[in-house]
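As they're listed, the protein sequences go chains A and B.
Under my numbering, the first residue of the first sequence carries the number 1, and numbering increases by one thereafter.
Under my numbering, the first residue of the second sequence carries the number 1001, and numbering increases by one thereafter.
Think of the CB as a built atom: it goes at the ideal place given N, C-alpha and C, for glycine as much as any other residue.
Before any comments, here is the structure.
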Amino acid sequence: MGWIGEIDLGTKPMPVTGPLVSLTIDGQPVDVPAGTSIMRAAALMGTNIPKLCATDTLESFGSCRICLVEIDGRAGYPASCTTPVTPGMVVRTQTDKLAKLRKGVMELYISDHPLDCLTCSANGDCELQDQAGAVGLRDVRYGYDGANHLDAAKDESNPYFTFDPAKCIVCSRCVRACDEVQGTLALTVDGRGFSSHIAASQDEDFLSSECVSCGACVQACPTSALIEKEVIKVGTPDKAVITTCAYCGVGCTFRAEMRGEQLVRMVPWKDGKANRGHSCVKGRFAWGYANHKERILNPMIRASVHEPWREVSWEEAIAHTASEFRRIQSTYGTRAVGGITSSRCTNEETFLVQKLIRQGFGNNNVDTCARVCHSPTGYGLKTTFGTSAGTQDFDSVQHSDVILVIGANPTDGHPVFASRMKRRLRQGAKLIVIDPRRTDLVRSPHIEAAHHLSLRPGTNVAVLTAMAHVIVTEGLFDEAYIRERCDWDEYEDWAAFVSEDHRSPEASAEITGVDPDELRKAARLYATGGNGAIYYGLGVTEHSQGSSTVMAIANLAMATGNVGREGVGVNPLRGQNNVQGACDMGSFPHEFSGYRHVSDPEARAMFEDAWGVPLDDEPGLRIPNMLDAATDGAFKALFIQGEDILQSDPNTAHVAAGLAAMECVVVQDLFLNETANYAHVFLPGSTFLEKDGTFTNAERRIQRVRKVMSPLNGFADWEIVQMVAQAMGLGWNYTHPSEIMDEIAALTPSFANVHYDALEEHGSLQWPATAAAPLGTPTMHLDGFVRGKGRFVVTDYVATDEKTGPRFPLLLTTGRILSHYNVGAQTRRTDNVAWHPEDLLEIHPHDAENRGLHDGQWVSLRSRAGETTLRALVTERVAPGVVYTTFHHPTTQANVITTDFSDWATNCPEYKVTAVQVSPSNGPSDWQESYEAQAKRSRRIEPRLEPAE
Amino acid sequence: MMSTDQRLAYMADQIARNFAAIGHDKAAMATADHIAKFWDPRMKARIAGLTDSLGPVAARAIAILQEKGAPPPQTHATEYADVAGAGHDDAG
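Structure representation (structure tokens):
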């Protein structure tokens, strides 16, 4: 794809709600939807009216006075961006008078603008430059000696972009982008008249301000006032390729803007259906890890984890891997080995890893990171609705009247979707937040939750059951919906269960810590406030009752008729870029792609026919069970693609013991991650920029990932897995990921119509994409639940066995921060560390004072599982009795603290509830010191010996 | 830290506790069904030798598995898409 600058029609599109409006522009007839601006109508017929403050991603503003037009019968020269079309209107966009007016305005702009176009970083990509040409500006009568802003100091504080006030024309596009698109409202025009200038927060520098560095202002800027530092360094791009972000489950699509094979910038794609032209600091800017000096580019092996790594050829590394797995299986049995697929990799790559395990290893010992995040979503929604993926697309939130967010912090975890949600909230939708922390959504500029239920961690089921109690006992349920769409007998059993007195808000308050009146109001609002949509995250799933909580959520949605149309639904905010896809592709140990159980003889026969080998009919091991089996001596080898279980999985000591007990651990990754400290083979991985494939986001949307540069390590990840398979005697011979997708489509009913040509044609497809729904399925359960009837499930509250007490009186909960992604392997290797250089422990002032702790102090954090140290952040964001930290930094190792407790149905770890004690500390714990020394030893690399000439 | 046997027994009892609201007999069947569908053969073999350390529902579930083998689906979680079924999802 060559360089195609995005077409800007000037103002936003209007929906077609009635007859089109006919008018004449420059003598040509044109028909457009009512409400369309003259500017957009002209642009649609190919006439670009000069403009500066207008852009089609923002509301019309009408300040620059460049886009003036003449309209028959109307006095003056109205701005075309703010003037809607009317029937029979006759418009002229270019007359001598208009030209004179525009030139006069442009002269004023240019009289206070540096005339350094040739050396300006935006040369050739500057709207001011373009428009000066468009209006025919040839000189500036005022000269350049008057008062000006040319010496204004440049703000270079943000690591990714600069703000140069000398080049700013104060068009307000950045301010409006921050308000309308991002919803942070960090920018303003400060001062009046000649003193007007763009200010971040209280006239602070960008880095210190409330700016979240989403890049919307940079994208909106028509000059180089706000511009990416990479463009300043490299120059303007000369081609663009559309691809999909590899961070979170929102699945933003970007224009990877390139110069040769050098990535210049990632710009959110306006036509992207998941992100609608928006981005966050990670996807927009944090891609520098792809070229980080710590990236490993050569394969390495070693006989023991106590030895240094030895660089070897690809041939040797692949042959060694294959022979080790075969040796171990012949010694310890077929089921003594397994693998972990990566939710960071493509569908095609994930499919191949599970195929390698089932076809090549001959067992079902395959698992994926969904084990530690949304496996309870699978269990819970499958049980109730018949399918576990999110019921809506992201656009649906624009039709919601009440938004219930439980156990999710979307402004940090899913920021681009959070901006969409906040826009709807600013339009008047009501918000309920159920979370132990006072997250940003609870109260931020122009957003305030109607109800914040600050519950005690671990009591989600009790809170949701109390809400159900209110809905049933106060008669707020939707009987007609339930009778038509659900199993009525099961509803009655459930209604009787939740109606019992001891499940009322008042009776359960002692357990949950939630004010009963507030809970009743929240339940009434959700049940009666119009379209009610539930969004949830890992604060729901990562509990001992994660699956029960998901089912309790589904019960609420069905009871109130809030499933099966736009604006409602149950929406898991999935974590990793392709965790949905990894699950779809058969990454769980009990099922094939398309969710057919391995014990089903017909399903097995289909895969056996395709793959030419008999397949195991017994479920395999989940990740924690693999580690248990390893410590028992029964599990000896693990192939790990793109996953860092030593840092991400709970109870680090147990993970380390399991890995240390294995004879061959293969890590395929970009960096020597923490897990690689226990690895015997390292296979260098490729980044999302270096390969073709697809990711599936939280909306079930399958989108293309496109290669924009050659892999620095030499191979895409799917090619590496294919080489291992070939070395193990499997006759794989894929030449392109599209061939893998064809195989997936043939074996996976919900992907039947998913092929690369269809993705090229439609941009993306939301599964199921079948003969009955060839273009995919944006909203699930429209005419009925997938299973036929929605099923209510009784969810009894069972308290976690992780108890507080005198030794461990506080509850620790863990989570993420905006600027970092999960274990931080990528974001820690970017300038995002400017915002979050270390993990901090949030503690309430009351708890801090009781322990004599102050802000910034080193503290010891201890649980029954382990101990670490980190700095304290004293804040009222957490309730008394609750502490919180992130797990982005291996020096902290937050998962040294978390325990083995897990969800009863899926073994998803109970990350969100750990009983801890906090006390003053002087420095690192024994674990941290010994771990750091061991990690340093483990990362030694012996240089490769070249043969003498 | 729990040993593997302790963890297996804990897991079986935890599953049983979460089915307890549907009554002893149904909960035992559902627990047996769950273990049959989601546990690997080695785990199933080991739990069979741990019945003395299990609560009554989980112990009965293991007895059902030993006496009658895997029961048919007892909850909607263990009803799977047929070979050509589209649109279903996982039970993690």
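Quick one: what's got a C-beta closer than 7 Å to B:A1027's C-beta in the same chain, skipping five residues either side?
-> Residue numbering aside, residue 1027 of chain B sits at position 27 when the second sequence is read from its first letter. Closer than 7 Å at Cβ, skipping near neighbours: A1016, F1019, A1020, V1057.
Identify, in the order they occur along the chain, each residue of the same chain with its Cβ nearer than 6 Å to the Cβ of A:G693, setting aside the five sequence neighbours on each side.
-> Residue mapping note: residue 693 of chain A aligns to position 693 of the first sequence, counting from 1. Once the five neighbours on either side are set aside, the close Cβ partners of A:G693 are T346, E348, V705, P737.
Grab me the residues of A:Y160's own chain with a C-beta within less than 7 Å of its C-beta, minus the 5 sequence neighbours each way, in chain order.
-> In the first sequence, counting from the first residue as 1, residue 160 of chain A sits at position 160. Result list for A:Y160: S213, E228, K229, F285, D831, in chain order.
Does the beta carbon of A:A834 sit closer than 8 Å to a beta carbon anywhere in chain B?
-> Counting from one through the first sequence, the residue named residue 834 of chain A turns up at place 834. Closer than 8 Å: no.
Proximal residues, the stretch 326–337 of chain A versus chain B, C-beta separation under 9 Å = R335
Quick one: is A:S330 buried, meaning 16 or more other Cβ sit within 10 Å of its Cβ, or exposed?
-> Along the first sequence, read from residue 1 onward, the residue named residue 330 of chain A stands at position 330. Exposed is the call here.
Find the residues of chain A that neighbour B:M1029, judging by a C-beta separation of less than 9 Å, and give them in chain order.
-> Position 29 of the second sequence holds residue 1029 of chain B. Here the premise fails: no neighbours, minimum Cβ distance about 15 Å.
List the residues that DSSP assigns as beta-bridge partners of A:A240.
-> Residue 240 of chain A sits at position 240 when you count from the first residue of the first sequence. DSSP output for A:A240 lists A:E257 as bridge partner(s).
Quick one: any contact between the stretch 620–633 of chain A and the stretch 409–423 of chain A, if contact means 3 or more CB pairs under 8 Å?
-> no
With respect to the alpha helix (DSSP H) encompassing A:L964, which residues constitute its N-terminal and C-terminal limits?
-> Outside the displayed span of chain A (1 to 949) sits residue 964 of chain A, for which this structure offers no information.
Give me the Cα-Cα distance between B:H1088 and A:R791, rounded to the nearest whole angstrom.
-> Stepping through the second sequence from its first residue, residue 1088 of chain B is reached at position 88. Stepping through the first sequence from its first residue, residue 791 of chain A is reached at position 791. Note that B:H1088 scores 46 on pLDDT, short of 50, meaning its location in the model is unreliable; the coordinates nonetheless yield the value given after this. Looking at the two C-alpha atoms, the distance is approximately 14 Å.
Just by C-beta distance, which residues in the stretch 375–402 of chain A are closer than 8 Å to chain B?
-> S375, P376, T377, G378, Y379, L381, K382, T383, T384, G386, T387, S388, A389
Of the choices A:H846, A:P237, A:R816, A:T95, whose alpha-carbon is the least far from that of A:H836?
-> Counting from one through the first sequence, the residue named residue 836 of chain A turns up at place 836. Comparing Cα positions, the closest option is A:R816.
Specify the secondary structure class of A:Y535 as computed by DSSP and reduced to three states.
-> By 1-based counting over the first sequence, the position of residue 535 of chain A is 535. Here A:Y535 sits in strand by DSSP.
Measure the C-alpha to C-alpha separation of B:I1078 and A:V883 and round it to an integer number of angstroms.
-> In the second sequence, the residue the question calls residue 1078 of chain B occupies position 78. In the first sequence, the residue the question calls residue 883 of chain A occupies position 883. Note that residue 1078 of chain B corresponds to Thr in the displayed sequence, not to Ile. Going from the Cα of B:T1078 to the Cα of A:V883 covers about 37 Å.
Whole-angstrom C-beta distance between A:G581 and A:F695, which should lie under 8 Å = Locating residue 695 of chain A in the first sequence gives position 695, counting from the first residue. Locating residue 581 of chain A in the first sequence gives position 581, counting from the first residue. That pair is a contact at about 6 Å.
Neighbour flag for A:Y595 against chain D, beta carbons, 8 Å | Any reference to chain D falls outside this structure, whose protein chains are A and B.
A:Y884: first and last residue of the uninterrupted beta strand (DSSP E) it sits in = Taking the first residue of the first sequence as position 1, residue 884 of chain A is located at position 884. Here the beta strand (DSSP E) through A:Y884 covers 882–886.
Report the option in A:E261, A:S304, A:A246 whose CA atom is closest to the CA atom of A:S1007.
-> This structure cannot speak to residue 1007 of chain A, because chain A is shown only from 1 to 949.
Go ahead and label A:R138 buried or exposed: buried means 16 or more other beta carbons lie within 10 angstroms of its beta carbon, across all protein chains shown.
-> Walking along the first sequence from the start, residue 138 of chain A turns up at place 138. It is exposed - the Cβ of A:R138 has fewer than 16 other Cβ atoms within 10 Å.
My understanding is that A:I38 touches A:V69, with C-beta atoms under 8 Å, so please give their C-beta distance in whole angstroms.
-> Numbered from its first residue, the first sequence carries residue 38 of chain A at position 38. Numbered from its first residue, the first sequence carries residue 69 of chain A at position 69. A:I38 to A:V69, Cβ: 6 Å. Contact.
From what residue to what residue does the alpha helix (DSSP H) around A:Q329 run?
-> Locating residue 329 of chain A in the first sequence gives position 329, counting from the first residue. Where A:Q329 is concerned, the enclosing alpha helix (DSSP H) stretches over 314–332.
Quick one: grab the DSSP three-state call for A:Q826.
-> Here residue 826 of chain A refers to the residue found at position 826 when the first sequence is read from its first residue. It is coil, neither helix nor strand.
In three-state terms, what does DSSP make of A:E500?
-> Mapped onto the first sequence, residue 500 of chain A falls at position 500. Note: A:E500 maps to coil in three-state DSSP.
Got a sec, what are the start and stop residues for the beta strand (DSSP E) A:G339 sits in?
-> Taking the first sequence and counting its residues from 1, the one referred to as residue 339 of chain A is at position 339. It spans 337–340 - the beta strand (DSSP E) in which A:G339 sits, taken as one unbroken run.
If we ignore side chains and look at the alpha-carbon of each, how far apart do A:D900 and B:Q1014 end up?
-> Here residue 900 of chain A refers to the residue found at position 900 when the first sequence is read from its first residue. Here residue 1014 of chain B refers to the residue found at position 14 when the second sequence is read from its first residue. Each residue's Cα considered, the two are about 13 Å apart.
With 16 as the cutoff for other CB atoms within 10 Å, does A:K273 come out buried or exposed?
-> Translated into the one-based positions of the first sequence, residue 273 of chain A becomes position 273. Flag for A:K273 reads buried.
Answer with yes or no whether the minimum CB distance from A:D130 to chain B is below 8 Å.
-> Along the first sequence, read from residue 1 onward, the residue named residue 130 of chain A stands at position 130. So no, A:D130 is outside the interface.
So is A:Q182 buried or exposed if we call it buried at 16+ other beta carbons inside 10 Å?
-> Indexing the first sequence from 1 puts residue 182 of chain A at position 182. Buried.
DSSP state of A:Q219 mapped onto helix, strand, coil | Numbered from its first residue, the first sequence carries residue 219 of chain A at position 219. Helix, per DSSP.
Do you know offhand how far A:S938's Cα is from A:H680's?
-> Along the first sequence, read from residue 1 onward, the residue named residue 938 of chain A stands at position 938. Along the first sequence, read from residue 1 onward, the residue named residue 680 of chain A stands at position 680. Looking at the two C-alpha atoms, the distance is approximately 10 Å.
When Cβ atoms are compared, which residues of the stretch 548–566 of chain A fall closer than 8 Å to chain B?
-> S548
From the DSSP output, in three-state form, read off A:H755 for me.
-> Stepping through the first sequence from its first residue, residue 755 of chain A is reached at position 755. Coil.
Decide yes or no for the touch test of the stretch 786–800 of chain A against the stretch 543–561 of chain A: beta carbon pairs closer than 8 Å, at least 3 of them.
-> yes
Which residues in the same chain as B:Q1066 place their Cβ atom closer than 8 Å to its Cβ, once the five residues preceding and following it in sequence are excluded?
-> As a position in the second sequence, residue 1066 of chain B is number 66, starting the count at 1. Closer than 8 Å at the Cβ level, and outside the excluded window around B:Q1066, lie A1048.
7 Å Cβ shell around A:V416 - same chain, five flanking residues per side excluded | Along the first sequence, one-based indexing puts residue 416 of chain A at 416. Cβ neighbours of A:V416 beyond the five flanking positions: V250, C252, N275, H278, S279, C280.
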